[in-house]
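Notes for the one structure printed next.
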Amino acid sequence: MILDHIDPYSDKLQSLQQLRVTIEIGMDIQIKIHDTEWYIGPLQGKRLISKNNGDFMHMFETDNPDEVLNYVIDGQRIRDQWRDIVIVSM
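Under the numbering used here, the letters of the sequence shown match residues 326 to 415, in that order.
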């Protein structure tokens, strides 16, 4: 499984698939993108993304991880900037 290969001492993702799986299984994820903290997690059977602990919140229409990965932050989809993401907690 992809989560078996996580480096516990790294604050970076090893792959886009790692992020996708954590979203898919419903983990609470706190990340930083360009020094802004984001929370991704489940809420009432759907997914939520929140900026800076509630300054901004967006509920996704479905539970599909691709909807989250296609979400645009700072002009780019999350899936296109996974290498720049810093993991705060997972």
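Note that CB positions come from ideal geometry on N, CA and C, so glycine has one too.
Determine the extent of the alpha helix (DSSP H) in which residue i is found, giving its start and end residues.
i	result
Q343	L341 to E349
L394	P390 to L394
Using CA coordinates, which residue listed in the options is at the minimum distance from residue i?
i	options	result
V413	E349, E362 and I374	E362
M352	H359, D388, S375 and I365	I365
Might you give, ordered along the chain, the residues of its own chain that have their beta carbon closer than 8 Å to the beta carbon of residue i, omitting 5 neighbours on each side?
i	result
Y396	I374, H383, F385, R402 and I403
Go to residue i, then tell me how far its beta strand (DSSP E) extends in each direction, as first and last residue.
i	result
T368	According to the sequence provided, residue 368 is Leu. The question's Thr does not apply to it. It spans T361 to L368 - the beta strand (DSSP E) in which L368 sits, taken as one unbroken run.
F381	F381 to M384
For residue i, which residues from the same chain have a beta carbon less than 6 Å from its beta carbon, with the 5 sequence-adjacent residues on both sides left out?
i	result
L394	I403 and R404
Excluding the five sequence neighbours on either side, which residues of its own chain have a C-beta within less than 7 Å of the C-beta of residue i, listed in chain order?
i	result
W407	L338, L341 and L344
Is residue i near residue j, with beta carbons less than 8 Å apart?
i	j	result
V411	K357	yes
M415	I354	yes
Exercise. So, do the stretch 334-343 and the stretch 376-392 have three or more beta carbon pairs nearer to each other than 8 Å?
Worked result: no
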